[in-house]
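Numbering of the sequence shown is given in numbering that gives the first Met the number 0, commencing with residue 0 and proceeding in unit increments.
Positions of the beta carbon are idealized from the N, C-alpha and C atoms, including for glycine.
Fair warning: this is a prediction, and the values are worked out from it, not measured in the lab.
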Amino acid sequence: MGMENFTNRLLALELDEVLDICRDAGIDVEVRYTRPPKGDPAGRERVVRFILLNPQKGELTVTREVVGKDV
């Protein structure tokens, strides 16, 4: 599987699932959190970005879902 496909596979998944996938792939990840400027999302943590820093290290950007809001 190419790295682009690997990255795309992670997007929008819940954080715990992505951490398991990365661990199984031998990639240590740093997690960064973001949130909208207004409101206080309290939903599930979802991955919105993954950057591979080197073959064994990546960075995840995670945000919480806004409960009851469909995109």
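query                                                                                          : result
Helix, strand or coil at L18 [DSSP, three-state]                                               : helix
Contacting residues, own chain, Cβ-Cβ under 6 Å from M56 (five flanking each side not counted) : The identity of residue 56 in the sequence shown is Lys, whereas the question assumes Met. Counting only Cβ-Cβ distances below 6 Å, and skipping sequence neighbours, we find D27.
DSSP beta-bridge partners of T62                                                               : R45
Endpoints, the alpha helix (DSSP H) within which E3 is located                                 : 2-9
CB-CB length for E76 against R31, believed under 8 Å                                           : Nothing can be reported for residue 76: it is not among the residues displayed for the chain, which extend from 0 to 70.
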